[in-house]
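The sequence shown begins at 395 in my numbering and counts up by one.
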Amino acid sequence: MLTTRVRTFAAAGVLAGALMTGAVTTAPAQAAATTYDESLGGPIRSCAAASCAVVLQTSAGQSVDWDSSKVNSSGNRWYHTVFPATGWIYCGNLRYAPC
Numbered sequence: 395m396l397t398t399r400v401r402t403f404a405a406a407g408v409l410a411g412a413l414m415t416g417a418v419t420t421a422p423a424q425a426a427a428t429t430y431d432e433s434l435g436g437p438i439r440s441c442a443a444a445s446c447a448v449v450l451q452t453s454a455g456q457s458v459d460w461d462s463s464k465v466n467s468s469g470n471r472w473y474h475t476v477f478p479a480t481g482w483i484y485c486g487n488l489r490y491a492p493c
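Have a look at this one:
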């Protein structure tokens, strides 16, 4: 019983010392939220431009999950997909995402 108390106090002391010196790291920030959408049948590309290689051709009605968007140098909005493949899909090829 005494050994258990000594271990508990020792562990608490180490933790307190680590907290006071800043040695304890915090958990990483959460990943961006994923939005679930539906493809209208367009390609997922390797970058956010029509000239980029096709990673996967989606079918109309296929589920597409994206986590961010950006407007490319041509002024077109593209969504970064995480499912069914990692890449970029043009906004006009998604049912619910705004262009």
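Note that beta-carbon positions come from the ideal geometry of N, C-alpha and C, so glycine has one too.
- Rounded to the nearest whole angstrom, the CA to CA distance from Y484 to C493 is 8 Å.
- Residue nearest to R471 within the set S463, R439, V449 is S463 (criterion: CA-CA distance).
- Taken atom to atom, the span from the alpha-carbon of S445 to that of T428 is near 26 Å.
- In the structure shown, the three-state DSSP call for G455 is coil.
- Bounds of the beta strand (DSSP E) holding Y473 are 471 to 477.
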